[in-house]
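A.B. asks:
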Amino acid sequence: MIATSRDPRIQLAQLLLGAVDIAADPALPPGVVRLVADDGRQFIAKQHAERDRYAGELHAYRAWVTHLSGHAPELVGRDDATRTLLLTALVGHRADTFAPGSPEEELAHHEAGHVLGKLHRATAMPQGGAVGASLAERFHGWIGRAVHADLLDAAEENLLKHHAVILGTSQMDSAICHLDYQPRNWLLGDTFGIFDFEHMRRDARVRDFARLEFRRWQAAPHLRTAFFDGYGRSLNDTERRLLESFGAIEAATALVKGHQEKDIALSAHGRTVLSRLA
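Be aware that the sequence shown starts at -5, since it is given in this note's numbering, and climbs by one per residue.
#1: What do you get for MET(-5), buried or exposed, if any count of 16 or more other CB atoms within 10 angstroms of its CB means buried?
#2: Would you be able to state if there are at least three C-beta pairs under 8 Å between the region 158 to 174 and the region 15 to 22?
#3: Pick out whichever of GLU255, LEU237, GLN254 and LYS256 has its Cα sitting closest to the Cα of VAL267.
#4: With a CB to CB cut of under 7 Å and the five nearest residues on each side skipped, what residues in its chain are close to GLY86?
#5: Since VAL109 is in the alpha helix (DSSP H), which residue starts that stretch and which ends it?
#6: Helix or strand or just coil, what does DSSP make of PRO120?
#7: Go to SER267, then tell me how far its alpha helix (DSSP H) extends in each direction, as first and last residue.
#8: Can you say whether HIS263 is buried or exposed, counting buried as having 16 or more other CB atoms within 10 angstroms of its CB?
#9: May I have the straight-line CA-CA distance separating ARG47 from ASP74, to the nearest angstrom?
#10: Roughly how many angstroms separate the alpha carbons of ASN179 and ILE4, rounded to a whole number?
#11: Assuming VAL59 contacts PHE37 under a Cβ cut-off of 8 Å, what Cβ separation, rounded to an integer in Å, is found between them?
#12: Should ILE243 be labelled buried (16 or more other beta-carbon atoms within 10 Å of its own) or exposed?
#13: DSSP on ASP73, reduced to helix/strand/coil?
#14: Report the residue from GLU44, SER128 and PRO67 whose alpha carbon sits nearest the alpha carbon of ARG196.
#15: Rounded to whole angstroms, what's the CA-CA distance from ALA143 to ARG35? Just pull it up for me.
#16: With a 10 Å radius around its C-beta and 16 neighbouring C-beta atoms as the bar for buried, classify ILE170 as buried or exposed.
#17: Provide the residue span of the beta strand (DSSP E) that contains PHE221, from first to last.
Below you can see the structure in the form of structure tokens.
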């Protein structure tokens, strides 16, 4: 989206900050623009295409991001009519730009574990069955979509349903989770920063590690070690088994979304995770 004076993101920023300039930032996704105020301060204006994602991220900033003080943008203002948020800008380098095997990559994972541990500890609730039952219900919905799109054979469908049963009958603790916790949403600078909170909600705590486990750590286990060193403790045997079942959710959602969005890489990721679980 090209920002103009009639762009809702620019209008919101001008209303709250006065005159602003657009700062080129090709790494930002569509809908997001970096702005510079007259006093040199930088901000991010983000317009959501979907109202539920807007509502989710707004609620996260108002209810939970306070637990990440110093590690997350601050909400400056919003426009509900246009689904637009104005945020302070974090300073640093996106963690997915670091060279594989570099000290910066390992440091980013350590700091990511430390900050996520603070969020989880601040919002933890003891073990119960409600979280697993809710996850299993949603998971069955994803399996149904995959079956309807003819993305699974009978053995794969049965495998995913087996993991849905495990989730539905498991006791697990919950916490406020980011649920898209991976290097593309981290910044490493003078401090470690996190952004993109549109998926944030209370969920099974272990689920917050799933994308890292199945997209990063299995190929680079030293990053898993660095992360949990920062987090403050490693997973126990029960949690490791649960993480496998969260990998089943990762596989199903990747297959369905990859098919819907014609994203070959995402579909391939789903297939890879599914084969690892078999």
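The beta-carbon is built from N, C-alpha and C at its ideal position, and this holds for glycine as well. What you are looking at is a predicted structure, and each value in this text was computed from that prediction instead of being measured.
C.D. replies: Judging by the given coordinates:
#1: Within the sequence shown, the letter at position 1 stands for residue -5. Confidence is the limiting factor: at MET(-5) the pLDDT is only 42, short of 50, which leaves the residue's position unreliable and the question unanswerable from this model.
#2: No contact exists between the region 15 to 22 and the region 158 to 174.
#3: Within the sequence shown, the letter at position 273 stands for residue 267. VAL267 has its Cα closest to that of LEU237, out of GLU255, LEU237, GLN254 and LYS256.
#4: Stepping through the sequence shown from its first residue, residue 86 is reached at position 92. The beta carbon of GLY86 sits closer than 7 Å to the beta carbons of LEU181, LEU182, GLY183 and GLY187 from its chain, once the five residues preceding and following it are set aside; these are given in chain order.
#5: Translated into the one-based positions of the sequence shown, residue 109 becomes position 115. For VAL109, the enclosing alpha helix (DSSP H) has its first and last residue at 97 to 117.
#6: Within the sequence shown, numbered from 1, the residue matching residue 120 stands at position 126. Reduced to three states, the DSSP call for PRO120 is strand.
#7: Mapped onto the sequence shown, residue 267 falls at position 273. According to the sequence displayed, residue 267 carries Val and not Ser. Its alpha helix (DSSP H) spans residues 258 to 271.
#8: Here the question's residue 263 lines up with position 269 in the sequence shown. With 16 or more Cβ atoms within 10 Å of its Cβ, HIS263 is classed as buried.
#9: Looking up residue 47 in the sequence shown gives position 53. Looking up residue 74 in the sequence shown gives position 80. In this structure, the alpha-carbon of ARG47 lies about 12 Å from that of ASP74.
#10: Position 185 of the sequence shown holds residue 179. Position 10 of the sequence shown holds residue 4. When rounded, the distance between both Cα atoms is 23 Å.
#11: The residue you call residue 59 lines up with position 65 of the sequence shown. The residue you call residue 37 lines up with position 43 of the sequence shown. With a beta-carbon spacing of about 16 Å, VAL59 and PHE37 fall beyond the 8 Å limit used to define contacts.
#12: Numbered from 1 along the sequence shown, position 249 holds the residue referred to as residue 243. Classification for ILE243: buried.
#13: The sequence position of residue 73 within the sequence shown is 79, counting from 1. In the structure shown, ASP73 adopts extended strand secondary structure according to DSSP, grouped into three states.
#14: One-based indexing of the sequence shown puts residue 196 at position 202. Among GLU44, SER128 and PRO67, the Cα nearest to that of ARG196 belongs to SER128.
#15: Taking the first residue of the sequence shown as 1, we reach residue 143 at position 149. Taking the first residue of the sequence shown as 1, we reach residue 35 at position 41. Distance between ALA143 and ARG35, taken at the CA atoms: about 48 Å.
#16: By 1-based counting over the sequence shown, the position of residue 170 is 176. Burial of ILE170 is indicated by the presence of at least 16 other C-beta atoms within 10 angstroms of its C-beta.
#17: For this step, residue 221 is matched to residue 227 along the sequence shown. No beta strand (DSSP E) holds PHE221; the alpha helix (DSSP H) holding it covers 215 to 225.
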